[in-house]
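Enquirer: Read in order, the letters of the sequence shown are residues 5 to 310 in this note's numbering. All residues carry an ideal CB built from backbone N, CA and C; glycine is no exception. The structure presented is a predicted model; accordingly, all values stated were derived computationally and were not measured. This is the structure I have questions about; it appears just below.
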Amino acid sequence: MAYGHGKVILFGEHSVVHGRPALALAVERGAEVTLVPGQPSLTTLHIEPWGVDVDTGGDVNVGREPLQQALKVARGFYQDDREFALHATMRLPSGAGMGSSAALGVAVLRALDDARGLVSSGELIYERSLAWERVFHGNPSGVDNAMATYGGMAMFTKGQPLTRVVPRHPVSLVVAYSGSSSSTKIMVDSVARQFEKEPERVGKVFDAIAAIVNNGKLALETGDLTSLGQLMTMNHKLLSGMMLSTDPLEEMIETAMAAGALGAKVTGAGGGGCMVALVDSPEHQSAVKAALVKLGKTVYDVESGS
Ligand code: PMV
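Put into structure tokens, the structure is as follows:
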């Protein structure tokens, strides 16, 4: 079975596209891809639970063009005429800020390697998965792909090697899905337009987020959960100022805070998708989860070091 991790961005989404650092952790949920026995004449990919099928044939997979294109990109890395049928199981919501497309790309690339008895390096899988991701996002920073490939917790800056982050204590998070998905490409383009229009002001916002990322790393390393929570809330306010939050996300964040979270923010592209809240005890974790479930949200537990 080939695997790609999902991820949660703790700090630094969007500004990471513009060269600032982000801090993220992989989650246990991800994409799993297995080979289906047989010798198909095309490389095919079936994805559960989405009930989606794509292939590398000449006919357009109507409504699934980006996925078909991405599969062709992945297939194109192999200069042979061997074709395989792949079965993917996604344990992440799509368009929810948990890195589902990067996780799928990494798992597909590893499965295509496995099928051929190859074991590519992490660097190669990462680079190839970026080509996959570009089909969907146009201009990905690479943070999702790095987390999908390598797992764990790390600070990521575009074009630089990952810096591992080792938290002093395990970190407990509650991630909840707002119920509406969003397009990362549209949200990234919107921030890019704001930056183009007001480079000085928006550049300062990116710099402020970069300072939060660096302080967040310190708070993790020293086990200062109170500061960590405050930094998450500060990061959220700056993201919200770039119009990346929504009413349902705000309601979820308020609910999580009222139930005892130390901090909460949108995670990923925003405009929908997920929020992440920090908790300091199993009791608070249960209380925050229960409050969000009461709002009708789907909730995921995340522990650091997955
Ligand atoms: O929403 P997701 O899982 O696609 O996360 C995107 C993170 C961004 O910083 C918004 C984009 C990027 O390429 O880093």
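Quick check on DSSP: helix, strand or coil for P269?
Expert: A small fix is needed here, since residue 269 is Lys in this sequence, not Pro. Three-state DSSP puts K269 in a strand.
Enquirer: Which residues in the same chain have their Cβ closer than 6 Å to the Cβ of F15, if we skip the five residues on either side of it in sequence?
Expert: L27, I216, V217, G220, N239
Enquirer: Among the candidates E287, R86, V139, whose CA atom is the shortest distance from the CA of D71?
Expert: It is Leu, not Asp, that sits at residue 71 in the sequence shown. When only C-alpha atoms are compared, the closest one is V139.
Enquirer: On the CB-based measure, 16 or more other CB atoms within 10 Å of its CB, does G80 come out buried or exposed?
Expert: Under this definition G80 is an exposed residue.
Enquirer: Return the CA-CA distance between H288 and E32, expressed in angstroms with no decimal places.
Expert: 21 Å
Enquirer: Is it buried or exposed, T167, if we count other Cβ atoms within 10 angstroms and call 16 or more buried?
Expert: exposed
Enquirer: So what does DSSP say about S186, is it helix, strand or coil?
Expert: coil
Enquirer: Since S244 is in the beta strand (DSSP E), which residue starts that stretch and which ends it?
Expert: No beta strand (DSSP E) contains S244, which is instead part of the alpha helix (DSSP H) from 229-244.
Enquirer: Can you tell me whether V170 is buried or exposed? The criterion is at least 16 other CB atoms within 10 Å of its CB, across all chains shown.
Expert: exposed
Enquirer: Under a Cβ-count criterion, where at least 16 other Cβ atoms within 10 Å of its own Cβ denotes burial, should A262 be classed as buried or exposed?
Expert: Its Cβ having fewer than 16 others within 10 Å, A262 is exposed.
Enquirer: Under three-state DSSP, which class holds S176?
Expert: DSSP places S176 in strand when its eight states are reduced to three.
Enquirer: Would you mind sorting T1 into buried or exposed? The rule is 16 or more other CB atoms within 10 Å of its CB.
Expert: Nothing about residue 1 can be read from this structure; the chain reaches only from 5 to 310.
Enquirer: Ordered along the chain, which non-local residues of its own chain (more than five positions away) have a Cβ less than 7 Å from that of T330?
Expert: Nothing about residue 330 can be read from this structure; the chain reaches only from 5 to 310.
Enquirer: Measure the alpha-carbon distance for G300 versus K189 and round it to whole angstroms.
Expert: 27 Å
Enquirer: Spatial neighbours of G276 within its chain, please: CB distance less than 7 Å, with the 5 preceding and 5 following residues excluded, ordered by chain position.
Expert: S182, S184, S185, S186, T250
Enquirer: To the nearest angstrom, how far is the alpha carbon of S104 from that of W54?
Expert: 12 Å
Enquirer: How long is the line joining the alpha carbons of G156 and G8, rounded to whole angstroms?
Expert: Those two C-alpha atoms are separated by around 12 Å.
Enquirer: Hey, quick one: how far does the beta strand (DSSP E) through V283 stretch, first residue to last?
Expert: Run containing V283: 278-283, per the beta strand (DSSP E) assignment.
Enquirer: Pick out whichever of L29, H91, G109 has its Cα sitting closest to the Cα of S176.
Expert: L29
Enquirer: Is the closest heavy atom of the ligand PMV to the C-beta of D305 under 8 Å?
Expert: no
Enquirer: Is the beta carbon of D3 within less than 8 Å of some heavy atom of the ligand PMV?
Expert: Here the chain has residues from 5 to 310 only, and residue 3 is not among them.
Enquirer: Is P252 near the ligand PMV, in the sense that its beta carbon is under 8 Å from a heavy atom of that ligand?
Expert: no
Enquirer: Taking C-alpha atoms, which residue in R86, V58, K298 lies nearest to Q73?
Expert: V58
Enquirer: I need the DSSP call for G34, collapsed to helix, strand or coil.
Expert: strand
Enquirer: Judging by CA-CA distance, which residue of R120, A35, K76 is the nearest neighbour of T93?
Expert: A35
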